[in-house]
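Asks:
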Amino acid sequence: MKVFFTNTFKRATKKLHSNQLNALEDAIDYIQNHPKSGELKVGDLAGVRVYKFPMLHQLVLLAYIYDGKKAVTLLWFAPHENFYRDFKNQIRV
């Protein structure tokens, strides 16, 4: 399965420490193998799936789009606090 990254996602990964990056890579591997595992959102975020995973004892949400044709686009990840508000602001820009 092909995985695409947005520029926002790439910039955010550069700020991670190695142990945080390992947790993120594990989550990406899981999404590659189970692309429908994320919770499908409705309303403003229609079509976006969100996968929740722990990173250093903190719940992190990863937003992605699965097109159903063997491709996943990773949009953004952040801690749970204010995730949806900040994500909506991020995609409007």
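Heads up: the sequence shown begins at 865 in our numbering, then just goes up one per residue.
Where is the CB? At the ideal position from N, CA and C, for every residue including glycine.
What does the alpha-carbon distance come out to for the pair glutamate 903 and glutamine 884?
Replies: If you number the sequence shown from 1, residue 903 lands on position 39. If you number the sequence shown from 1, residue 884 lands on position 20. If you take the alpha carbons of glutamate 903 and glutamine 884, they lie about 22 Å apart.
Asks: Mind checking which residues open and close the alpha helix (DSSP H) that includes leucine 880?
Replies: By one-based count along the sequence shown, residue 880 stands at place 16. Unbroken run through leucine 880: none, as it is neither H nor E.
Asks: Excluding the 5 residues flanking methionine 865 on each side, which residues of the same chain have their C-beta closer than 6 Å to its C-beta?
Replies: Locating residue 865 in the sequence shown gives position 1, where the first residue counts as 1. Closer than 6 Å at the Cβ level, and outside the excluded window around methionine 865, lie Gln896 and Lys934.
Asks: From the DSSP output, read off the bridge partner residues of lysine 916.
Replies: For the purposes of this step, residue 916 is identified with residue 52 of the sequence shown, where counting begins at 1. Answer is Leu925.
Asks: What would DSSP say about glutamate 903, mapped onto helix, strand or coil?
Replies: Residue mapping note: residue 903 aligns to position 39 of the sequence shown, counting from 1. Looking at glutamate 903 - three-state DSSP - the assignment turns out to be strand.
Asks: What residues in its chain sit with their C-beta under 8 Å from that of aspartate 950, if we drop five residues either side in the sequence?
Replies: By one-based count along the sequence shown, residue 950 stands at place 86. Contacts found: Ala942.
Asks: On the DSSP bridge list, what partners appear for lysine 866?
Replies: Position 2 of the sequence shown, counting from 1, holds the residue named residue 866. Partner(s): Ala935.
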